[in-house]
Amino acid sequence: MGFSLKKPDFGANIGILSYEYPPNFFGGVGIHVDELTKSLAIGNDQVHVFTSNVQGLNEQLIRNLWVHGPLGLHYQASNDFSAVYKKILTNINVAAMVKKQFLNGSLDLLHSHGGLIQLAAALSKQSTRLPLVMTAHSIDINRTKPDGLSVMMEKNVVGMVDRFIAVSKSIQEELEQTFEIEHDRITIIPNGVDTETFKHQNADDILRKYKLDNRFVVLFVGRADPQKGVRYLVDAVRKLRRHIPEIMLVMVGQPDIYHDRHILCLPHVGKHELIKLYSLSDVFVLPSIYEPFGIVLLEAMACETACIGARVGGIPYIIDHNRTGLLVEPESGASIAEAIDRLYHDPERRCLMGKWGRERVISLFDWQDIAKKTGEVYRQALN
Numbered sequence: 001m002g003f004s005l006k007k008p009d010f011g012a013n014i015g016i017l018s019y020e021y022p023p024n025f026f027g028g029v030g031i032h033v034d035e036l037t038k039s040l041a042i043g044n045d046q047v048h049v050f051t052s053n054v055q056g057l058n059e060q061l062i063r064n065l066w067v068h069g070p071l072g073l074h075y076q077a078s079n080d081f082s083a084v085y086k087k088i089l090t091n092i093n094v095a096a097m098v099k100k101q102f103l104n105g106s107l108d109l110l111h112s113h114g115g116l117i118q119l120a121a122a123l124s125k126q127s128t129r130l131p132l133v134m135t136a137h138s139i140d141i142n143r144t145k146p147d148g149l150s151v152m153m154e155k156n157v158v159g160m161v162d163r164f165i166a167v168s169k170s171i172q173e174e175l176e177q178t179f180e181i182e183h184d185r186i187t188i189i190p191n192g193v194d195t196e197t198f199k200h201q202n203a204d205d206i207l208r209k210y211k212l213d214n215r216f217v218v219l220f221v222g223r224a225d226p227q228k229g230v231r232y233l234v235d236a237v238r239k240l241r242r243h244i245p246e247i248m249l250v251m252v253g254q255p256d257i258y259h260d261r262h263i264l265c266l267p268h269v270g271k272h273e274l275i276k277l278y279s280l281s282d283v284f285v286l287p288s289i290y291e292p293f294g295i296v297l298l299e300a301m302a303c304e305t306a307c308i309g310a311r312v313g314g315i316p317y318i319i320d321h322n323r324t325g326l327l328v329e330p331e332s333g334a335s336i337a338e339a340i341d342r343l344y345h346d347p348e349r350r351c352l353m354g355k356w357g358r359e360r361v362i363s364l365f366d367w368q369d370i371a372k373k374t375g376e377v378y379r380q381a382l383n
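Taken in order, the sequence shown gives residues 1 to 383; the numbers are from full-length UniProt numbering.
What follows is the structure, given as structure tokens:
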């Protein structure tokens, strides 16, 4: 098999296993897998995605990229037990699809993403004996509220993995400390962002839609999860509203439970509206307690928005403190409030941080570079 360091093309038949994949995704893993597979397919790789699409799917999306979803899984989970059963059943079905593709002679290597697919990865490794690469997007056992099934799957598969990819240095350290993985078996390859899609746009229509004219907009994007630390951001805004009366906290992905005229919750928005929200915001804040990477920071920076992030996990790798944004102490509303207040009073600094942030994203988090580095890990696994 040929390999060129000039292109992200390895010329292999790659099986990507992911519980999340468009349109069924709820976090950074789905975004990562979508972008990585498209970038790998640009080269000579034949990429097969095995996912949990419950509608059943078996089709070629673009040149060199196929997606396979288990057929006949229209089972609706009615409680916690049946939800666990559905996840296990999905993993078994995904592993069966991998075995079928392997027997057709169409796979050279497996690459798993996310804790919820690791049972399928383990079963596929056992049945095919193919090299297995695992990207650790988080370490589920270390989450604030770990998913028991994901933890079990994670523990089961790590001993079968040939090469690990960590999305940040903090995840590399967690792999070494939690599972005693050798340092030289782990490669750090970050998440990326499509800077042609995520870029600053005119957002006058969104300003009018949500009545945000003449507001100092603080944006948060993320799911309703205690590990995101939203309570500390809410505390910060409530402290600041006394002397910044025009402050407005816009939270995408959060239910409206606050009943506060300084807080706007948008449970669901489309990508185009999200990009405009990034663009119109004065500051983006990610106040996480546990954050393996923080792909939303890349999206905000690509849209030239100054960022504030808690000094945890992968966030310090993304934010260049005092240049592209500010790092604050985790679990501290006072620290977040101080950072927001500082940027509120320095609009020139906010503007410069936005420009420098986009430059940093373009130079360090390009998907073609990420695909190239991933191809190098594939070569190591096959050798």
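Glycine residues also receive a C-beta, built at the ideal position from the N, C-alpha and C atoms. Quick caveat, the model's predicted, so the values are computed rather than measured.
Q) DSSP three-state call for residue 364: helix, strand or coil? A) Shown here, residue 364 sits in a helix according to DSSP, grouped into three states.
Q: Please report the residue range of the alpha helix (DSSP H) in which residue 334 lies.
A: Per DSSP, the continuous alpha helix (DSSP H) segment holding residue 334 begins and ends at 333-344.
**Q.** Cut-off 7 Å between Cβ atoms - residues of its own chain near residue 362, not counting five sequence neighbours on either side
**A.** Closer than 7 Å at the Cβ level, and outside the excluded window around residue 362, lie 195.
Q: Tell me whether residue 13 is buried or exposed, calling it buried when 16 or more other Cβ atoms sit within 10 Å of its Cβ.
A: By the 10 Å Cβ count, residue 13 comes out buried.
Q. With a CB to CB cut of under 7 Å and the five nearest residues on each side skipped, what residues in its chain are close to residue 316?
A. Only 327 meet the Cβ criterion.
(Q) How far does the alpha helix (DSSP H) with residue 30 in it extend, from its first residue to its last? (A) Note, residue 30: alpha helix (DSSP H), 28-42.
Q | residue 385 burial status per 10 Å Cβ neighbour count (16 or more: buried) | A | The shown model of the chain, from 1 to 383, leaves out residue 385, and the question about it has no answer.
Q.
Distance check for residue 46 and residue 286, CA to CA, integer angstroms please.
A. Looking at the two C-alpha atoms, the distance is approximately 36 Å.
Q: Specify whether the segment 257-277 and the segment 359-376 touch according to this definition: at least 3 beta carbon pairs, one from each stretch, less than 8 Å apart.
A: When C-beta atoms of the segment 257-277 are compared with those of the segment 359-376, fewer than three pairs fall below 8 Å, so the two segments do not count as touching.
Q: Go through the segment 64-123 residue by residue and report every complete run of the beta strand (DSSP E) that reaches 3 residues or more, in order.
A: 65-69, 109-113, all fully within the segment 64-123.
Q: Starting from the Cα of residue 87, find the closest Cα among 20, 383, 294 and give me that residue.
A: Taking each of 20, 383, 294 in turn and checking the Cα distance to residue 87, the smallest one comes out for 20.
(Q) My output table needs one value for residue 54: the three-state DSSP class, helix, strand or coil. (A) Its pLDDT being 48, under 50, residue 54 is placed unreliably in this model, and the coordinates cannot settle the point.
Q) Does the segment 294-307 come within contact of the segment 329-338, defined as at least 3 CB pairs closer than 8 Å? A) Short answer: they don't touch.
Q) Using 8 Å as the Cβ pair cut-off and three pairs as the minimum, do the segment 271-284 and the segment 200-212 touch? A) Contact annotation: the segment 271-284 touches the segment 200-212, with at least three C-beta pairs closer than 8 Å.
Q: Can you tell me the Cβ-Cβ gap for residue 139 and residue 171, rounded? I've got them flagged as a contact below 8 Å.
A: The C-beta distance from residue 139 to residue 171 rounds to 7 Å, short enough to meet the 8 Å contact threshold.
Q) By a C-beta neighbour count over all protein chains shown, 10 Å radius and 16 as the cutoff for buried, is residue 383 buried or exposed? A) Classification of residue 383: exposed, given that the 10 Å Cβ count is below 16.
(Q) Just verifying my parser: in three-state terms, what is the DSSP assignment at residue 379? (A) Secondary structure of residue 379 (DSSP, three-state): helix.
Q. Helix or strand or just coil, what does DSSP make of residue 167?
A. Correct three-state label for residue 167: coil.
Q. Do three or more CB pairs link the segment 364-377 to the segment 28-46 at distances below 8 Å?
A. The segment 364-377 and the segment 28-46 touch, with no fewer than 3 CB-CB distances between them shorter than 8 Å.
Q: Using 10 angstroms around the beta-carbon of residue 82, count the other beta-carbons present and answer buried if the total reaches 16, otherwise exposed.
A: Residue 82 should be labelled exposed.
Q: Would you tell me roughly how many angstroms separate the C-alpha atoms of residue 253 and residue 267, rounded to the nearest one?
A: Between residue 253 and residue 267, the C-alpha separation is close to 4 Å.
Q | Contact check, residue 293 vs residue 314, beta carbons under 7 Å | A | In this structure, the beta-carbon distance from residue 293 to residue 314 falls below 7 Å.
Q) Secondary structure at residue 254, three-state DSSP: helix, strand or coil? A) The DSSP-derived three-state label of residue 254 is coil.
Q: Give the range of the beta strand (DSSP E) segment to which residue 244 is assigned.
A: Careful: residue 244 lies outside any beta strand (DSSP E) and carries neither H nor E.
Q) Rounded to whole angstroms, how far is the Cβ of residue 107 from the Cβ of residue 48, which I believe are closer than 8 Å? A) Between residue 107 and residue 48 the beta-carbon gap is near 7 Å, inside 8 Å, which marks them as a contact.
Q. Taking residue 157 as the reference, which of 244, 125, 176 has the closest Cα?
A. Of 244, 125, 176, the residue nearest in Cα terms is 125.
(Q) By the three-class DSSP mapping on this structure, what secondary structure does residue 286 have? (A) DSSP places residue 286 in strand when its eight states are reduced to three.
Q) Do residue 94 and residue 132 have their C-beta atoms within less than 7 Å of each other? A) Not closer than 7 Å, so no.
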